[in-house]
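**Q**
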Amino acid sequence: MKKIIMILFVLIVMVSIQADNNGVISGEFLLMPTGPKAFSLGNSMIGYYNDPISLLYNPANSSFFDAAAISLGQTRYIFDTKMEYFSFTIPFSKNNSLGIGVNVFYTDPIDVYTWADPENSYDQYDVSDNLLFINYSRLFGNLSIGISGKFYKEEIANVISDTFLIDFGVAYKLNKGGFGFSVQNFGSGLTFDNDYRTYDKDSEYTAKLEKLPLNILFGGSYEAVKNLSVFFQGNMATKNTFNYSAGVEYKLFDILPIRVGYTNVDEGGFGAGFGLSYTFRKTKLTGKKVDILTLDFDYSYVPYGDLGDIQILGVTLLFK
46 MKKIIMILFV
56 LIVMVSIQAD
66 NNGVISGEFL
76 LMPTGPKAFS
86 LGNSMIGYYN
96 DPISLLYNPA
106 NSSFFDAAAI
116 SLGQTRYIFD
126 TKMEYFSFTI
136 PFSKNNSLGI
146 GVNVFYTDPI
156 DVYTWADPEN
166 SYDQYDVSDN
176 LLFINYSRLF
186 GNLSIGISGK
196 FYKEEIANVI
206 SDTFLIDFGV
216 AYKLNKGGFG
226 FSVQNFGSGL
236 TFDNDYRTYD
246 KDSEYTAKLE
256 KLPLNILFGG
266 SYEAVKNLSV
276 FFQGNMATKN
286 TFNYSAGVEY
296 KLFDILPIRV
306 GYTNVDEGGF
316 GAGFGLSYTF
326 RKTKLTGKKV
336 DILTLDFDYS
346 YVPYGDLGDI
356 QILGVTLLFK
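And the structure:
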């Protein structure tokens, strides 16, 4: 336990030092909710242990999967933008787990117009954010410690910048829930317009380093009564105000999860959704039935006021 306390202390000190050094902030994509469960629960996912996408919130969560698990889905965002994700985790020994995932945010092709011909477009450009992560976690009794290495790339009108980041996390699982703490996005920022000096070789222009948002997450979950769980989360990102979120999930008839959540953001603070969860079973020679696979379909709806509404679809496979 003393070692764990020391690890947490070192992480907090490192966060404080990096936060003081942060300047311009880019990479808001790294703070966006991912997946239908996140949107319908107000983004309070750090204590959600039944979806591999929770590795984006706490890399220690992969230790709590007894077998392989897959999660994938799409978010139809505002202004004709989309987010697509895939996450996979698997235990490779009794106390060790690996995970991998991809998260992409992109726009439809955007027409390019010029002053010479403002009526017609002869070219298009794209805007995208791309995240690839590899995760490892180890279980010590009910306590898990995890780390994720992330490759992050932004592309804006064919100008590309990328970097490597690291997430750390700890999680403690209880019979009726658990709690966790994580620090996201350790690493360097992004530098755009590296070719600027090709237009003016005598210029002393230096491309500005765009810092990425260092983010501290903490929270958990608790099963208040049978089939009714409460989720809560707080996070503080560099140069941003403190955000809190909470959500409730009730599984009706053991197969229909209904979710509602809230977060204190300017737009899209309320979310709601539902799903269909079905467990496939097989019968052994002894006549006993055992679980082999749980299949989840999930949907969420979030109103964004004048900006429009968003809808999110996702599928999760939990092997037993």
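Just so we're aligned, residue 46 is where the sequence shown starts under the working numbering, counting upward by one.
A virtual CB, placed ideally from N, CA and C, is assigned to each residue, including glycine.
Report yes if the CB atom of residue 336 is closer than 8 angstroms to the CB atom of residue 361, and no otherwise.
**A** No.
**Q** In the DSSP assignment, find the beta strand (DSSP E) that holds residue 325 and state where it starts and stops.
**A** Unbroken beta strand (DSSP E) run through residue 325: 315-328.
**Q** Out of 77, 86, 76, which has the shortest C-alpha to C-alpha gap to residue 318?
**A** Nearest C-alpha to residue 318: 86.
**Q** Just tell me which of 326, 270, 282, 307 has its CA closest to the CA of residue 297.
**A** Of 326, 270, 282, 307, the residue nearest in Cα terms is 270.
**Q** Are three or more beta carbon pairs between the region 89-96 and the region 267-282 nearer than 8 angstroms?
**A** Counting Cβ pairs under 8 angstroms, three or more are found: they touch.
**Q** In chain order, what residues of the same chain have a beta carbon less than 6 angstroms from the beta carbon of residue 226, not counting five sequence neighbours either side?
**A** Excluding sequence neighbours, residue 226 sits near 215, 263.
**Q** Any C-beta of chain D sitting closer than 8 angstroms to the C-beta of residue 215?
**A** As a matter of chain content, chain D is missing from the structure shown, which is built from one protein chain.
**Q** Under a Cβ-count criterion, where at least 16 other Cβ atoms within 10 Å of its own Cβ denotes burial, should residue 154 be classed as buried or exposed?
**A** Its Cβ having fewer than 16 others within 10 Å, residue 154 is exposed.
**Q** Kindly examine the ligand HEM and report whether one of its heavy atoms sits closer than 7 angstroms to the Cβ of residue 155.
**A** As for the ligand HEM, it is missing from this structure, which has no ligand bound.
**Q** If I measure Cβ to Cβ from residue 77 and keep anything under 8 angstroms in the same chain, skipping five residues before and after, which residues do I get?
**A** Closer than 8 angstroms at Cβ, skipping near neighbours: 128, 150.
**Q** Taking Cβ to Cβ, would you say residue 146 is nearer than 8 angstroms to residue 188?
**A** Contact flag unset, no.
**Q** I'd like to check one pair, residue 99 with residue 142: are the Cβ atoms closer than 8 angstroms?
**A** Not a contact, by the Cβ cut-off of 8 angstroms.
**Q** Which of the three DSSP states is assigned to residue 105 in this structure?
**A** Three-state result, residue 105: helix.
**Q** Once DSSP output is grouped into helix, strand and coil, what is the label at residue 255?
**A** Residue 255: strand per DSSP, three-state reduction.
**Q** Should residue 299 and residue 82 be called a contact, given that it needs their Cβ atoms to be closer than 8 angstroms?
**A** Not in contact: residue 299 and residue 82 (Cβ atoms no closer than 8 angstroms).
**Q** Following the continuous alpha helix (DSSP H) through residue 85, name the residue where it begins and the one where it ends.
**A** Note, residue 85: alpha helix (DSSP H), 81-85.
**Q** From residue 203 to residue 170, what distance separates their C-alpha atoms?
**A** Each residue's Cα considered, the two are about 7 angstroms apart.
**Q** Under the rule that 16 or more other beta-carbon atoms within 10 Å means buried, what is residue 174, buried or exposed?
**A** By the 10 Å Cβ count, residue 174 comes out buried.
**Q** Have a look at residue 59 and residue 257 and give me their C-alpha separation to the nearest angstrom.
**A** For residue 59, the pLDDT reaches just 41, beneath the cut-off of 50, and the residue's location in the model is therefore unreliable, although a value from the coordinates is still provided. Distance between the alpha carbons of residue 59 and residue 257: 15 angstroms.
**Q** Kindly indicate which residue of 347, 210, 195 has the alpha-carbon position closest to the one of residue 305.
**A** Out of 347, 210, 195, 347 has the C-alpha closest to the C-alpha of residue 305.
**Q** Can you name, in chain order, every residue of its own chain whose Cβ lies under 8 angstroms from the Cβ of residue 310, other than the five neighbours on each side?
**A** Only 288 meet the Cβ criterion.
**Q** Quick check on DSSP: helix, strand or coil for residue 348?
**A** Residue 348: strand per DSSP, three-state reduction.
**Q** Pull up the DSSP beta-bridge partners for residue 208, would you.
**A** Answer is 197, bridged to residue 208.
**Q** Please state the DSSP three-state secondary structure of residue 268.
**A** In this structure, residue 268 counts as strand in the three-state DSSP scheme.
**Q** Taking residue 230 and residue 75 to be in contact with their CB atoms under 8 angstroms, please state how far apart those CB atoms are, rounded to whole angstroms.
**A** About 6 angstroms separates the two Cβ atoms, so the contact holds.
**Q** Less than 8 angstroms between the beta carbons of residue 148 and residue 176, yes or no?
**A** Their beta carbons are under 8 angstroms apart, which means residue 148 touches residue 176 by this criterion.
**Q** Report all residues from its chain with a CB closer than 6 angstroms to the CB of residue 201; omit the five preceding and five following residues, and keep chain order.
**A** So the list reads 172, once near-sequence residues are dropped.
**Q** Rounding to the nearest angstrom, what Cα-Cα distance links residue 206 and residue 73 in this structure?
**A** Rounded to the nearest angstrom, the two C-alpha atoms are 15 angstroms apart.
**Q** For residue 218, list the residues DSSP reports as bridge partners.
**A** The partner list for residue 218 (beta bridge, DSSP) reads 223.
**Q** One question on the structure: do residue 316 and residue 265 come within less than 8 angstroms of each other, judged by their Cβ atoms?
**A** No, they are not a contact pair.
**Q** Can you tell which of 281, 106, 234 has the C-alpha that lies nearest to the C-alpha of residue 136?
**A** Measuring from the Cα of residue 136, the nearest candidate turns out to be 106.
**Q** Would residue 104 be called buried (16 or more neighbouring beta carbons within 10 Å of its own) or exposed?
**A** Buried, since its Cβ has 16 or more Cβ neighbours within 10 Å.
**Q** Ignore the nearest five residues each way along the sequence and tell me which others in residue 356's own chain have a CB closer than 6 angstroms to its CB.
**A** Same-chain partners within the cutoff: 121, 346.
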